[in-house]
């Protein structure tokens, strides 16, 4: 009886180890905010995440559009990249410009709390890296 326990315990431990290693971990979720800071114009945004095309979104001044990117590592075949075509106004100013708003390899360390906030104005797209509140004197 004791010899069968000695044989079965290592097999049981090996089974538990293999079973636990096959369980996939939950993906990390990053949030990418697009903030329209262009007064008097609508911002047209059309984004693509690794080949998945999102429908065009029209934002008005001050509006925010948030995209969720679930990073489930390792991803076979590449990186997680969210790129967006943006333009505004009736003349479609900035038309044809593509902005990479999230690249996992680039942004995993610079987007605080897994949130990348991009402010879009007439001069382009700007990542808010850190926000400080200053005391009034």
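Numbering (mature numbering (1 follows the signal peptide of the UniProt record, and there is no 0)), first residue to last: -25 to -1, 1 to 112. Even for Gly, the Cβ is constructed at its ideal location relative to N, Cα and C.
What's the gap between the Cα of residue i and the Cα of residue j?
i: residue 22; j: residue 111; result: 40 Å
i: residue 89; j: residue 69; result: 28 Å
i: residue 66; j: residue 17; result: 11 Å
i: residue 40; j: residue 95; result: 11 Å
i: residue 101; j: residue 83; result: 17 Å
i: residue 116; j: residue 104; result: Because the chain spans -25 through 112 in this model, residue 116 falls outside it and cannot be assessed.
i: residue 99; j: residue 25; result: 23 Å
Residues in its own chain within less than 7 Å of residue i by CB, not counting five upstream and five downstream?
i: residue 47; result: 2
i: residue 75; result: 56, 58
i: residue 54; result: 78, 79, 80
Might you give, ordered along the chain, the residues of its own chain that have their beta carbon closer than 6 Å to the beta carbon of residue i, omitting 5 neighbours on each side?
i: residue 29; result: 22
Provide the residue(s) that pair with residue i in DSSP beta bridges, ordered along the chain.
i: residue 99; result: 96
i: residue 67; result: Answer by DSSP bridge pairing: none, since residue 67 is not bridged.
Between the Cα of residue i and those of the options, spot the shortest distance and give me the residue it belongs to.
i: residue 114; options: 97, 82, 102, 80; result: This structure gives no information on residue 114, because the portion of the chain shown stretches from -25 to 112.
i: residue 44; options: 109, 12, 14, 27; result: 27
i: residue 12; options: 81, 104, 6, 62; result: 62
i: residue 33; options: 4, 64, 109, 72; result: 64
i: residue 72; options: 80, 60, 79; result: 60
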